[in-house]
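Chemist: Our numbering puts the last residue of the sequence shown at 124; the count rises by one with no breaks.
Beta carbons: idealized from backbone N, C-alpha and C, even for Gly.
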Amino acid sequence: MLKITLTSVMVDDQDRAEKFYTEVLGFVKKQDFPVGGARWLTVASSAAPDGVELLLEPAGYPFAKAYQKALFDSEITFTAFACDDVQAEYERMGKLGVKFRGEPARMGEDMPLMAVFEDTCGNLIQMYQA
-5 MLKITLTSVM VDDQDRAEKF YTEVLGFVKK QDFPVGGARW LTVASSAAPD GVELLLEPAG
55 YPFAKAYQKA LFDSEITFTA FACDDVQAEY ERMGKLGVKF RGEPARMGED MPLMAVFEDT
115 CGNLIQMYQA
């Protein structure tokens, strides 16, 4: 059976991404070593540090930058993260200067509470209450 152990999000600046994903989102750095002209830089949830790793992948190729920009400009989230209390995270992150695309809301009566924010690295990220 296959398992998800690594996934990625493209970032336009790995240093800025590392700071945002660790200091603002509260993830922990797992791996960081040079690969070519970039870094293999992964983070994981502090709630599950031995769980799935998120690779902060440099969007170095023109087609990757175009794809990332097209998603952002179309207001399509690149990925989603779960949390226990969206409203509390919205307030905490807002105090840290995170730019949200609106207040937490439900997209339908059976949908979880969710909010979309900018990760400072070229992506829109959705958080939802799980």
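How should Thr36 be labelled, buried or exposed, when 16 other C-beta atoms within 10 angstroms of its C-beta is the threshold for buried?
Modeler: With 16 or more other Cβ atoms within 10 Å, it is buried.
Chemist: Less than 7 Å separating the Cβ of Val110 from some heavy atom of the ligand NAD?
Modeler: Because no ligand of any kind appears in the structure shown, any question about the ligand NAD cannot be addressed here.
Chemist: Determine the extent of the beta strand (DSSP E) in which Val22 is found, giving its start and end residues.
Modeler: 22 to 29 is the span of the beta strand (DSSP E), which, as asked, contains Val22.
Chemist: Around the Cβ of Tyr84, are there at least 16 other Cβ atoms within 10 angstroms (buried) or fewer (exposed)?
Modeler: Counting Cβ neighbours within 10 Å, Tyr84 comes out buried, since at least 16 surround it.
Chemist: Do you know offhand how far Thr16's Cα is from Val5's?
Modeler: In a straight line, the C-alpha of Thr16 is about 14 Å away from that of Val5.
Chemist: Using a threshold of 8 Å, state whether the C-beta atoms of Val110 and Arg95 are closer than that.
Modeler: Going by C-beta atoms, Val110 is nearer than 8 Å to Arg95.
Chemist: Decide if Asp67 is buried, meaning its Cβ has at least 16 other Cβ atoms within 10 Å, or exposed.
Modeler: Exposed, by the Cβ-count rule.
Chemist: Considering only their Cβ atoms, is the gap separating Ile(-2) from Val46 smaller than 8 Å?
Modeler: Yes, they are a contact pair.
Chemist: Are Val3 and Phe75 close, meaning C-beta to C-beta below 8 Å?
Modeler: No, Cβ-Cβ distance for Val3 and Phe75 is not below 8 Å.
Chemist: Would you mind sorting Asp78 into buried or exposed? The rule is 16 or more other CB atoms within 10 Å of its CB.
Modeler: Label assigned to Asp78: exposed.
Chemist: Here's a check: name, in chain order, each residue in its chain whose Cβ is nearer than 6 Å to the Cβ of Ala11, leaving out the five neighbours to either side.
Modeler: Excluding positions up to five away in sequence, the list reads Val5, Leu50, Cys115.
Chemist: Please work out which residues of its chain come closer than 7 Å, Cβ to Cβ, to Val92, disregarding the five sequence neighbours upstream and downstream, and give them in chain order.
Modeler: Within the same chain, Val92 has close Cβ partners Val18, Phe111.
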